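Comments concern the structure below.
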């Protein structure tokens with residue numbers, strides 16, 4: 001089995017929560033337990049990481065604190081951040097965005113679930129148009145990551161391919177574009193693969209257990225299709241700390257059963273060629289999140 005050094009491997013999707021100092025937003029759908037960066041660094045040997053603001057967080061002040069703390073106390077760690085926005089987002093001024101960029105922010109996230117605009121194609125399209133004109137995308141070169149249903153990606157295909165105003169956007173589809181084993185061979189899945197062909201859309205291979213509970217191996221055709229279509233589009237994320245995000249009010253949900261990240265990585269490595277693996281774990285994120 002081919003491997004690459006942990007020192008160069010990326011984890012492109014983790015969450016950090018510190019509700020004692022940065023309370024969750026009142027209208028959240030679930031309430032995860034605290035999960036601090038120090039715990040992740042103890043659990044993982046990976047030292048290149050993207051911290052993603054989750055839908056439960058009330059703004060990105062907690063993310064900013066995490067990035068700042070890491071730069072001060074863990075200079076060996078390459079840390080990046082993704083801020084989440086709502087449909088009515090108003091972009092901060094250039095000085096504030098420059099400060100976020102210096103801290104490591106490299107992406108803006110649209111969350112289509114948990115009260116987000118997941119099926120509202122027009123709202124998402126208008127938001128993408130706005131982002132394409134933004135300072136963060138146009139000047140700083142940030143990517144736009146989105147957790148959207150597979151059918152939404154498919155519905156956006158024509159607009160993404162034909163609207164020249166969106167040509168400067170680099171989109172990242174979170175969590176396998178929400179594709180499940182049943183989607184292999186479907187028209188919606190084929191449309192998403194067409195988007196990967198453009199080299200303007202990447203996909204985070206992450207949280208396979210969420211897409212195929214109890215049978216992670218069933219995701220093999222999905223992942224292989226991504227890799228065969230455009231290996232330069234592959235990114236990997238552990239989805240640490242693997243919280244149960246099922247809607248459940250504000251009671252603390254139990255963490256899902258032990259998620260064996262090592263076993264998932266072994267599966268992925270067996271499905272991919274050595275070159276595809278290297279691109280996903282090292283070269284692609286190093287290029288996208290510079």
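Numbering (the UniProt record's numbering), first residue to last: 1 to 290.
The C-beta atom is built at its ideal place from N, Cα and C for all residues, glycine as well.
Just so it is clear, the structure is predicted and the values come from calculations on it, not from any experiment.
Using the C-alpha atoms, what's the distance from residue 77 back to residue 65?
A straight line joining the alpha-carbon of residue 65 with that of residue 77 spans about 15 Å.
First and last residue of the alpha helix (DSSP H) that includes residue 210?
208-211
Counting C-beta neighbours from all protein chains within 10 Å, is the total for residue 45 16 or more, i.e. buried, or is it exposed?
exposed
Ignoring anything shorter than 4 residues or poking outside the stretch 48-126, list the alpha helix (DSSP H) runs there in chain order.
61-73 and 94-103
Determine contact between the stretch 172-185 and the stretch 127-135, defined as no fewer than three beta-carbon pairs at a distance below 8 Å.
Touching, no.
Along the chain, where does the beta strand (DSSP E) containing residue 136 start, and where does it finish?
Residue 136 -> not in any beta strand (DSSP E); alpha helix (DSSP H) instead, spanning 135-138.
Does the distance between the C-beta of residue 92 and the nearest non-hydrogen atom of the ligand NAP fall short of 7 Å?
No copy of the ligand NAP occurs in the structure displayed, which carries no ligand at all.
Please report the straight-line C-alpha distance between residue 162 and residue 168, rounded to a whole angstrom.
12 Å
Are three or more beta carbon pairs between the stretch 175-184 and the stretch 133-149 nearer than 8 Å?
yes
Which residues in the same chain as residue 320 place their Cβ atom closer than 6 Å to its Cβ, once the five residues preceding and following it in sequence are excluded?
The structure shown does not extend to residue 320, since the chain spans only 1 to 290, so no value can be given for it.
Within its chain, find whatever has a CB closer than 6 Å to the CB of residue 116; leave out the 5 residues flanking it on each side and keep chain order.
A caution first: residue 116 carries a pLDDT of 49, below 50, which makes its placement in the model too unreliable to give a value.
Below 7 Å CB to CB, which residues in the same chain sit around residue 232 once its five sequence neighbours on both sides are set aside?
199, 279 and 284
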